[in-house]
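Here the working numbering = 1-based position in the sequence shown + 128.
Cβ coordinates follow ideal geometry from the N, Cα and C atoms, glycine included.
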Amino acid sequence: CLPLTACQKQQKLYSATWFDLFDTVAIVQGYADSQDSWNAQAQAVYSDLQRYNELFDIYHHYDGVINLYDVNARAAAAPVQVSDELYAFLRWCKDAAYPAANGATNIAAGAVLRLWHDARESDSPAPPDADAIAAALAHIDIEDLVLDDAAQTVYFADPEMALDVGAVGKGYTADLVTEILRRHGVSSALISLGGNIQAIGSRPDGSDWRLGIRAPWESGNLGVLTVSDAAVVTSGGYENYFDDGQGNIYWHILDPSTGYPADNGLQSVTIVGREGKMCDALSTALFVMGAQSAEQYWRENGGFEMLLVTDSGEILITEGIAENFTLNEGRTETVRVLQAAG
Ligand code: ADP
Ligand code: MG
């Protein structure tokens, strides 16, 4: 050991990858004393991830669990009693995420999100009918999501309403798993659920974690962001989209005010903050708002940092993380730092 550094057992970096969670790739990396102790931790993480994956799944029913598929199927007929975990999540979505996102991230927008999901899944994808979109937009009012704290039930005051938590479920889950790992004494790990990354601590030598920021529509990275103890959540059009065969691309992030894919000048939004769940809610919301409103939102609200990639290949980065980002060699994007003072 060097003087002044804690003498620890030599720890090695381990990782585990799963392909059956949240429709994406889940990776956990961490330092452990041995393969056995790592395996035990990874297994505990996997079973938690699996439970939240089931609870938040709107496409499948699971025996012995009341999840969002069941809520969507039954909550218009009568209040559905749900577990503490699912109830707390829905409360947070309605009371914290929705207002923080100025309504741009709306879990009650399932009626219109469903139309686009079906379009993406179809063999010859085409945008849904304008009439169908307009009709669905009449049924996305979050006030119709009725939560009863005493009975712990969920009820839809509008029978055409449906929930879709794709915009916040992964960030929320990453927070819960982070908390569990910390409680188990893990002080150095990375959790990645699709674009949702949670860094626990720093690397054992005290240096920051190095995260690649994806280049939209390419396989490589734009650059590297260094962080410790933070959530880093990216929303991008390139993540999930369809092409109508005539050169038009329709991606999965919708503007709830129009019912169409948000197209406000951004290719991706990365939010860096303390809580994965709020970063996830904001990554979607700021993508919907567009660069100018996102910048204004950041100035007015603060509490997080962000990196925006615009349609014209500009990278806008807030001053708090500007020093932590390095553009990869050979990239042609320009980087502009956003100052809080304007
Ligand atoms: P990703 O899932 O790629 O991490 P997001 O966090 O932005 O990206 O979530 C996108 C998903 O959230 C979509 O696939 C859809 O299920 C849902 N969604 C899209 N737009 C909205 C919106 N404006 N409000 C709420 N949910 C949305
Ligand atoms: Mg999101």
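For S411, three-class secondary structure by DSSP: Taking the first residue of the sequence shown as 1, we reach residue 411 at position 283. It is helical.
Option nearest V352 by Cα separation, candidates W220, N368, T398: The residue given as residue 352 occupies position 224 in the sequence shown. Taking only the C-alpha atoms, the option nearest V352 is T398.
In chain order, each alpha helix (DSSP H) run of at least 4 residues that lies wholly inside the stretch 232-284: 238-249, 258-265
8 Å Cβ cutoff, F370 in contact with chain B: Given the protein chain composition of this structure (a single chain), no chain B is represented.
Spatial neighbours of D391 in its chain, beta-carbon cut-off 7 Å, leaving aside the 5 residues before and after: Here residue 391 is taken as the residue at index 263 of the sequence shown, counted from 1. There are no such residues.
Rounded C-alpha distance that separates L436 from Q467: Your numbering for residue 436 matches position 308 in the sequence shown. Your numbering for residue 467 matches position 339 in the sequence shown. Approximately 14 Å between the Cα atoms of the pair.
Residue environment, E271, which counts as buried when at least 16 other CB atoms sit within 10 Å: In the sequence shown, the residue the question calls residue 271 occupies position 143. Exposed: under 16 other Cβ atoms inside 10 Å.
Own chain residues within Cβ distance below 7 Å of R331, not counting five before or after: For the purposes of this step, residue 331 is identified with residue 203 of the sequence shown, where counting begins at 1. S316, W337.
CB of R464 within 8 Å of CB of L350, strictly: Stepping through the sequence shown from its first residue, residue 464 is reached at position 336. Stepping through the sequence shown from its first residue, residue 350 is reached at position 222. Contact: no.
First through last residue of the beta strand (DSSP E) which encompasses A144: Taking the first residue of the sequence shown as position 1, residue 144 is located at position 16. Run containing A144: 140-149, per the beta strand (DSSP E) assignment.
Own chain, CB closer than 8 Å to Y142, minus 5 neighbours either side, in chain order: Taking the sequence shown and counting its residues from 1, one reaches residue 142 at position 14. Answer for Y142: Q157, G158, Y159, A160, Q163, W166, A170, listed in chain order.
Reference D333; option with closest CA among G299, P255, P344, S356: One-based indexing of the sequence shown puts residue 333 at position 205. Among G299, P255, P344, S356, the Cα nearest to that of D333 is on S356.
Sufficient close CB pairs (3 or more, under 8 Å) joining the stretch 213-222 to the stretch 272-280: yes
DSSP beta-bridge partners of P389: Mapped onto the sequence shown, residue 389 falls at position 261. P389 is bridged to L382.
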